[in-house]
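Notes follow the structure.
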Amino acid sequence: MVIYPAIDLYDGKAVRLYKGDYSQMTVYNENPVTVALDFQRKGASHIHLVDLEGAKLGTTPNLETVCAIKKATNLFCEIGGGIRSMDVIGQYIDAGIDRVILGTAAVTDPDFLEKSVQAYGEKIAVGIDIKDGFVAIKGWTEKSQYDAYAFCDKMAALGVKTLICTDISKDGAMQGTNHELYRNLSNKLDLQIIASGGVSSLEDVTKLAALNIHGAIIGKAYYTGAIDLKEAIEVAK
């Protein structure tokens, strides 16, 4: 299992939200590039980036920071947050970003999703944010009408290869992750499943690795010191 340490970007800084709430934001580092370099020093091969401003606005306000992280490291970089046009996808791919994550747009604009997958193949992933069993959109501020499992099936049918699946109720809460959700997804889908939200201990990492999923994102637990990233990477192997 691959560990994806995460940097959430807001105003060029590394921040974290509590349960997706923009009013409960903590700034952890003024320079995200130094955070990414620390990930690399500790053995990370991949990084998960989220433009939190982009998630609300549908633009790329932190593109310069994302490019700086890619340039400074050898990490496989995936980016999500407000990616709703082919132009924005092209900007990231042209900048050398390895994978682009569609969230709200994958729910609200299936034609765009289909075009994206046809154009960029495995460089397109879909982020599925789950709130009370349904897919949430627009920076977690709205609940869609889609049942989470039915939506995952739909993504597989469209040719999506990677799903980043977040249980919003667990995200940033440091209360453990939703192992049952990821077990069910792993059993039902022949896709690369990346677990996100609530990975807060080495025990969580061990349990997720046993589910035979592709990856796990570690966010707040790294910043608070609850998880030693180097140890987590070894456990995941």
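Residue numbers (my numbering): -9 to 227. For each residue, glycine too, the CB sits at the ideal point set by N, CA and C.
Heavy atom of the ligand FAD within 6 Å of residue i beta-carbon
{"i": "Ala147", "result": "Looking for the ligand FAD in the displayed structure turns up nothing, as the structure carries no ligands at all."}
Integer-rounded CB distance, given that residue j should sit under 8 Å from residue i
{"i": "Ala226", "j": "Ala199", "result": "5 Å"}
{"i": "Ala222", "j": "Ile(-7)", "result": "5 Å"}
{"i": "Ile158", "j": "Ala126", "result": "6 Å"}
{"i": "Val17", "j": "Leu42", "result": "About 12 Å separates the two Cβ atoms, so there is no contact after all."}
{"i": "Gly187", "j": "Thr156", "result": "4 Å"}
{"i": "Thr117", "j": "Leu92", "result": "Sequence check: residue 117 is Gly here, not Thr. Right, their Cβ atoms sit about 7 Å apart."}
{"i": "Gln30", "j": "Leu65", "result": "6 Å"}
{"i": "Pro22", "j": "Thr55", "result": "6 Å"}
{"i": "Leu39", "j": "Ile(-3)", "result": "5 Å"}
{"i": "Met(-9)", "j": "His204", "result": "7 Å"}
Beta-bridge pairing of residue i - partner residues as DSSP gives them
{"i": "Val195", "result": "Val195 pairs with nothing; no bridge assigned."}
{"i": "Arg74", "result": "According to DSSP, Arg74 bridges with nothing at all."}
{"i": "Val90", "result": "Ile69, Ile114"}
Buried/exposed call for residue i, threshold 16 Cβ in 10 Å
{"i": "Ala109", "result": "exposed"}
{"i": "Leu7", "result": "buried"}
{"i": "Met76", "result": "exposed"}
{"i": "Glu68", "result": "buried"}
{"i": "Lys61", "result": "exposed"}
{"i": "Asn168", "result": "buried"}
{"i": "Asp194", "result": "buried"}
{"i": "Ala147", "result": "exposed"}
{"i": "Ala140", "result": "exposed"}
{"i": "Thr94", "result": "buried"}
{"i": "Pro(-5)", "result": "buried"}
{"i": "Thr214", "result": "exposed"}
{"i": "Gly149", "result": "exposed"}
Runs of alpha helix (DSSP H) lying entirely within the segment -9 to 59, each at least 4 residues, in chain order: Runs of the alpha helix (DSSP H) inside the segment -9 to 59: 22 to 31, 42 to 47.
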